[in-house]
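Chemist:
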C-alpha cells in the first residue's frame, strides 16, 4: 500500500491536486506547507521535486535548508529526485518576452538573467477585462557541480544525473538537470 503526499505552499495548487486525486481515486494526501519546514509526518522511501521547484530563496542557507529537510524525512538510503533547469541550456534558449491571448485574457511573460545574483527572473502579467495581475518568479541558477556540492552538504550522495525525462545523459546542452541523491548512512 503506497501512500503519496503532495506538499505545496499555494492553497490554489493544493486544491487542484486534491481535486485531481479525488477525481482519479488516487491515494494522495495534500498538505499545505513551506519546503523550508517540511512536516515530520513519517519517513519516506523517496521524495521528488519536479519542474525547478528549488532555488527560490534569495539566501543560500534557505535553499540548503530545503535539502536538509528532505534528508530528514527520508528513510535510511532513501532517494531524492530533483528535476531542475540546466543553466547553460536555459541561458542559450532564454526568450526575453512572449505573450499569448486566450478567451478573455492575455498573458505577457518577461524573462531575464541577473548575473550579479545568479538568478533567472520572470515577470508574468495577466490582463483580464479591466484588471491586471502581476506575478514574479526568481530562481537561483545552480550548475551541476554546485548542485552536487549542495547535495553532499545536505547528506545526499548523487547516484545518477540525467539531462532529460527520457534518461539521456546530462550534458551542458541538455534541457534539464535531473539528479538522484541517496541519503548517506551517516545522515540523521
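In the numbering used here, the protein residues as written are 984 to 1171. Glycine included, each C-beta is placed from N, C-alpha and C at the ideal position. As the structure is a computational prediction, the values presented were derived from the model and not from experiment.
Buried or exposed: residue 1166, going by 16 or more other Cβ atoms within 10 Å of its Cβ?
Modeler: Buried, because 16 or more other Cβ atoms sit within 10 Å of the Cβ of residue 1166.
Chemist: By alpha-carbon positions, which one of 1126, 1032, 1089 ends up nearest to residue 1117?
Modeler: Measuring from the Cα of residue 1117, the nearest candidate turns out to be 1089.
Chemist: Where does residue 1083 land, buried or exposed, given buried means 16+ other C-beta within 10 angstroms?
Modeler: Under this definition residue 1083 is an exposed residue.
Chemist: Are residue 1066 and residue 1121 close, meaning C-beta to C-beta below 8 Å?
Modeler: No, these two residues do not count as a Cβ contact at 8 Å.
Chemist: Cα separation between residue 1154 and residue 1130?
Modeler: Going from the Cα of residue 1154 to the Cα of residue 1130 covers about 14 Å.
Chemist: Check whether the Cβ atoms of residue 1159 and residue 1068 sit closer than 8 Å, and answer yes or no.
Modeler: Yes. Within cutoff.
Chemist: Roughly how many angstroms separate the alpha carbons of residue 1085 and residue 1119, rounded to a whole number?
Modeler: If I take the Cα positions, the gap works out to 21 Å.
Chemist: Could you have a look at residue 1098 and say whether DSSP puts it in helix, strand or coil?
Modeler: Coil, per DSSP.
Chemist: Quick check on the burial criterion: 16 or more other C-beta atoms within 10 angstroms. Buried or exposed for residue 1124?
Modeler: It is buried - the Cβ of residue 1124 has at least 16 other Cβ atoms within 10 Å.
Chemist: Do residue 1019 and residue 1052 count as a contact pair if the criterion is CB distance below 8 Å?
Modeler: Yes. Within cutoff.
Chemist: For the ligand COA, I want to know if residue 1073 counts as a neighbour, meaning its beta carbon is within less than 7 Å of at least one of the ligand's heavy atoms.
Modeler: Annotation note on the ligand COA: not contained in the displayed structure, which lists no ligands.
Chemist: According to the neighbour-count rule (16 or more other Cβ atoms, all chains shown, within 10 Å of its Cβ), is residue 1137 buried or exposed?
Modeler: Per the 10 Å Cβ criterion, buried.
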